[in-house]
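Enquirer: Structure provided below as structure tokens; questions to follow.
2 protein chains.
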Amino acid sequence: MSDQAARLYLDNQLCFPLYAASRLTTKIYAPVLKELDLTYPQYLVMLVLWQHADLSVNAICERLLLESNTVTPLLKRLEQKKLLTRRRSSDDERRVMVSLTEKGDQLRKQALSIPEQIVASFDDGEISEAEIRQFQETLWTLVNVLNAKVEKM
Amino acid sequence: MSDQAARLYLDNQLCFPLYAASRLTTKIYAPVLKELDLTYPQYLVMLVLWQHADLSVNAICERLLLESNTVTPLLKRLEQKKLLTRRRSSDDERRVMVSLTEKGDQLRKQALSIPEQIVASFDDGEISEAEIRQFQETLWTLVNVLNAKVEKM
DNA sequence: TACATTTGTATCGTGCACGATTTAATCATG
DNA sequence: CATGATTAAATCGTGCACGATACAAATGTA
Numbered sequence: 059m060s061d062q063a064a065r066l067y068l069d070n071q072l073c074f075p076l077y078a079a080s081r082l083t084t085k086i087y088a089p090v091l092k093e094l095d096l097t098y099p100q101y102l103v104m105l106v107l108w109q110h111a112d113l114s115v116n117a118i119c120e121r122l123l124l125e126s127n128t129v130t131p132l133l134k135r136l137e138q139k140k141l142l143t144r145r146r147s148s149d150d151e152r153r154v155m156v157s158l159t160e161k162g163d164q165l166r167k168q169a170l171s172i173p174e175q176i177v178a179s180f181d182d183g184e185i186s187e188a189e190i191r192q193f194q195e196t197l198w199t200l201v202n203v204l205n206a207k208v209e210k211m
Numbered sequence: 059m060s061d062q063a064a065r066l067y068l069d070n071q072l073c074f075p076l077y078a079a080s081r082l083t084t085k086i087y088a089p090v091l092k093e094l095d096l097t098y099p100q101y102l103v104m105l106v107l108w109q110h111a112d113l114s115v116n117a118i119c120e121r122l123l124l125e126s127n128t129v130t131p132l133l134k135r136l137e138q139k140k141l142l143t144r145r146r147s148s149d150d151e152r153r154v155m156v157s158l159t160e161k162g163d164q165l166r167k168q169a170l171s172i173p174e175q176i177v178a179s180f181d182d183g184e185i186s187e188a189e190i191r192q193f194q195e196t197l198w199t200l201v202n203v204l205n206a207k208v209e210k211m
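Taken in sequence, the protein lines are chains G and L. For the first sequence, the working numbering gives the first residue as 59, with consecutive numbering after it. For the second sequence, the working numbering gives the first residue as 59, with consecutive numbering after it.
Spelled out as structure tokens, the structure:
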């Protein structure tokens, strides 16, 4: 088999395991997040808002590397759950500002224990803490490299 | 800020960059795959079939870590594009066997150059080849660990 | 042989993702 | 200050993902 053909095999690829790992982690989160009645992307939005209580739609998009056509419906669902409110900025009428409600802010307390629950799922003794740290570093570099490429497309 | 609260930040997490990297790689693939009129998941199915021309739906699901409720519609779309055929196995009437058509087999030639096009996108000088190899190894271990967890759920 | 259990695939409903496009507000430049 | 370009958000259509469920074929067991 030629080198070129060998590259067509799943195992030699980087993208498939990224895709699989992403879906698998979402599945690990699902039962934990169900307690808060959140999906994983909804949880990501809440994470951003717990860090900055008041953000424009655009600011949320930038942090999550998502487009408004994905985020807008997400925000509407979270608004329906009374976790946040959306209102046009009077400063710039194009902007929509997103704010946590009291309920949304309170949910943060329930979320505090999530990371350790998830980390416990990841830690299987198979991968050392040092390896994970290195992995995480490379992963972030990769995200930044890819994001720069994609933004130029 | 407590350690517990710090973990609620996006930057400290493993899952968000996995999710972002997965979406970004799919975006990098999109224009390349458009030439073949394939989406990324469709390309994954074709990769599997180029390796084993004749597989059951279940065998495809196992290789891609997907369920039949995702794969069945995917296969139907590929069937509509005349890239494969589906037929009940006479051996075991529950099984549906998937086979490449001539057109599906021919498409492989066009796909041969894809991996190098993608690798070129990844390679930015930012990440050394050794780092990528190590990263890939950890990533596969992670996929296996997570998959084992998820299958026990 | 009956009948319960398991297995393989498909169906349905919901929620992302995202390309393409739309609309309205703001900005820039002559 | 007029008008063309840019920006922010939303809308629409398509294709995944996946939980829950259905259903038929195969298998196991009394």
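Idealized CB from N, CA, C, for every residue including glycine. These figures come from a predicted structure and were not determined experimentally.
With distance defined between alpha-carbon atoms, name the residue in 165(G), 193(G), 201(G) nearest to residue 198(L).
Expert: Here residue 198(L) corresponds to residue number 140 of the second sequence, with the count starting at 1. Minimum Cα distance to residue 198(L) is reached at 193(G).
Enquirer: Do the region 95-115 of chain L and the region 158-177 of chain L meet, that is, are 3 or more Cβ pairs less than 8 Å apart?
Expert: yes
Enquirer: Residue 74(L) to residue 149(L), Cα distance in whole Å?
Expert: One-based indexing of the second sequence puts residue 74(L) at position 16. One-based indexing of the second sequence puts residue 149(L) at position 91. Whole-angstrom Cα-Cα distance: 45 Å.
Enquirer: Roughly how many whole angstroms lie between the Cα atoms of residue 158(G) and residue 142(G)?
Expert: Indexing the first sequence from 1 puts residue 158(G) at position 100. Indexing the first sequence from 1 puts residue 142(G) at position 84. Between residue 158(G) and residue 142(G), the C-alpha separation is close to 4 Å.
Enquirer: Check each candidate in 76(G), 62(G), 71(G), 63(G) and name the one with the smallest Cα separation from residue 201(L).
Expert: Counted from its first residue, the second sequence places residue 201(L) at position 143. Cα-wise, what sits closest to residue 201(L) is 76(G).
Enquirer: Buried or exposed for residue 89(G), going by 16 or more other Cβ atoms inside 10 Å?
Expert: Numbered from 1 along the first sequence, position 31 holds the residue referred to as residue 89(G). Residue 89(G) should be labelled exposed.
Enquirer: So, with DSSP's three-state summary, where would you put residue 158(L)?
Expert: Taking the second sequence and counting its residues from 1, the one referred to as residue 158(L) is at position 100. It is a strand residue.
Enquirer: Which of the three DSSP states, helix, strand or coil, is assigned to residue 145(L)?
Expert: Residue 145(L) sits at position 87 when you count from the first residue of the second sequence. Reduced to three states, the DSSP call for residue 145(L) is strand.
Enquirer: Check the Cβ-Cβ distances between residue 201(L) and every residue of chain G, and say whether any is below 8 Å.
Expert: One-based indexing of the second sequence puts residue 201(L) at position 143. Output row for residue 201(L): interface = yes.
Enquirer: Could you tell me the boundaries of the beta strand (DSSP E) in which residue 114(G) lies?
Expert: Numbered from its first residue, the first sequence carries residue 114(G) at position 56. Annotation: the continuous beta strand (DSSP E) that includes residue 114(G) extends over 112-114.
Enquirer: Please classify residue 173(G) as buried or exposed, where buried requires at least 16 other C-beta atoms within 10 Å of its C-beta.
Expert: For the purposes of this step, residue 173(G) is taken as residue 115 along the first sequence, with counting starting at 1. So residue 173(G) ends up on the buried side.
Enquirer: Please work out which residues of its chain come closer than 8 Å, Cβ to Cβ, to residue 114(G), disregarding the five sequence neighbours upstream and downstream, and give them in chain order.
Expert: The residue you call residue 114(G) lines up with position 56 of the first sequence. Cβ neighbours of residue 114(G) beyond the five flanking positions: 147, 153, 154, 155, 156.
Enquirer: Count the CB pairs spanning the region 174-183 of chain L and the region 83-97 of chain L that are closer than 8 Å, and state whether there are at least three.
Expert: yes
Enquirer: Comparing C-alpha positions only, which one of 105(G), 120(G), 206(G), 79(G) sits nearest to residue 164(G)?
Expert: By one-based count along the first sequence, residue 164(G) stands at place 106. If we check each option's Cα against that of residue 164(G), 105(G) comes out closest.
Enquirer: Using the beta-carbon of each residue, which ones in chain G are nearer than 8 Å to residue 134(L)?
Expert: The sequence position of residue 134(L) within the second sequence is 76, counting from 1. Within chain G, no residue comes near residue 134(L); the closest Cβ sits about 21 Å away, beyond 8 Å.
Enquirer: Can you pull out the residues from the region 82-105 of chain G whose beta carbon lies closer than 8 Å to at least one beta carbon of chain L?
Expert: 82, 83, 84, 85, 86, 87, 89, 98, 102, 105
Enquirer: When we look at the beta-carbon of residue 191(G) and count the other beta-carbons within 10 Å, is it buried (16 or more) or exposed?
Expert: Position 133 of the first sequence holds residue 191(G). So residue 191(G) counts as exposed.
Enquirer: Within the continuous alpha helix (DSSP H) that includes residue 207(G), where are the two ends?
Expert: The count along the first sequence starts at 1 and reaches residue 207(G) at position 149. Segment 187-209, the alpha helix (DSSP H) holding residue 207(G).
Enquirer: Under the rule that 16 or more other beta-carbon atoms within 10 Å means buried, what is residue 196(G), buried or exposed?
Expert: Translated into the one-based positions of the first sequence, residue 196(G) becomes position 138. Buried: at least 16 other Cβ atoms inside 10 Å.
Enquirer: Mind checking whether residue 203(G) and residue 184(L) have CB atoms under 8 Å apart?
Expert: For the purposes of this step, residue 203(G) is identified with residue 145 of the first sequence, where counting begins at 1. For the purposes of this step, residue 184(L) is identified with residue 126 of the second sequence, where counting begins at 1. A contact, by the Cβ cut-off of 8 Å.
Enquirer: Can you give the beta carbon distance from residue 140(G) to residue 95(G), rounded, assuming they're within the 8 Å contact cut?
Expert: Numbered from its first residue, the first sequence carries residue 140(G) at position 82. Numbered from its first residue, the first sequence carries residue 95(G) at position 37. About 11 Å separates the two Cβ atoms, so there is no contact after all.
Enquirer: Contact criterion: CB-CB distance below 8 Å. Does residue 75(G) meet it with respect to chain L?
Expert: Reading the first sequence from its first residue, position 17 is the one you call residue 75(G). The beta carbon of residue 75(G) sits closer than 8 Å to some beta carbon of chain L.
Enquirer: Report yes or no: is there a C-beta of chain G within less than 8 Å of the C-beta of residue 208(L)?
Expert: Numbered from its first residue, the second sequence carries residue 208(L) at position 150. So, interface residue.
Enquirer: For residue 161(L), which of 145(L), 151(L), 136(L) has the nearest alpha-carbon?
Expert: Numbered from 1 along the second sequence, position 103 holds the residue referred to as residue 161(L). Of 145(L), 151(L), 136(L), the residue nearest in Cα terms is 136(L).
Enquirer: Label residue 121(G) either buried or exposed according to how many other C-beta atoms from any shown protein chain fall within 10 Å of its C-beta, with 16 as the threshold for buried.
Expert: Counting from 1 along the first sequence, the entry for residue 121(G) is found at position 63. Looking at its Cβ environment, which holds 16 or more other Cβ atoms inside 10 Å, residue 121(G) is buried.
Enquirer: Would you say residue 205(L) reaches chain G, if we count a Cβ-Cβ gap shorter than 8 Å as a contact?
Expert: In the second sequence, counting from the first residue as 1, residue 205(L) sits at position 147. Yes, because at least one Cβ of chain G sits closer than 8 Å to the Cβ of residue 205(L).
Enquirer: Of all the residues that make up the region 182-201 of chain L, which are near chain G by a beta-carbon distance shorter than 8 Å?
Expert: 182, 184, 185, 189, 190, 192, 193, 194, 196, 197, 198, 199, 200, 201
Enquirer: How should residue 79(G) be labelled, buried or exposed, when 16 other C-beta atoms within 10 angstroms of its C-beta is the threshold for buried?
Expert: Locating residue 79(G) in the first sequence gives position 21, where the first residue counts as 1. By the 10 Å Cβ count, residue 79(G) comes out buried.
Enquirer: Among 144(L), 211(L), 132(L), whose alpha-carbon lies nearest the alpha-carbon of residue 97(L)?
Expert: In the second sequence, residue 97(L) corresponds to position 39, counting from 1. Cα-wise, what sits closest to residue 97(L) is 132(L).
Enquirer: Whose Cβ in chain L lies nearer than 8 Å to the Cβ of residue 175(G)?
Expert: Within the first sequence, the letter at position 117 stands for residue 175(G). Near residue 175(G) there are no residues of chain L at all, since even the closest Cβ is about 11 Å away, more than 8 Å.
Enquirer: Note the first and the last residue of the continuous alpha helix (DSSP H) segment covering residue 85(L).
Expert: Mapped onto the second sequence, residue 85(L) falls at position 27. First-last of the alpha helix (DSSP H) with residue 85(L): 73-92.
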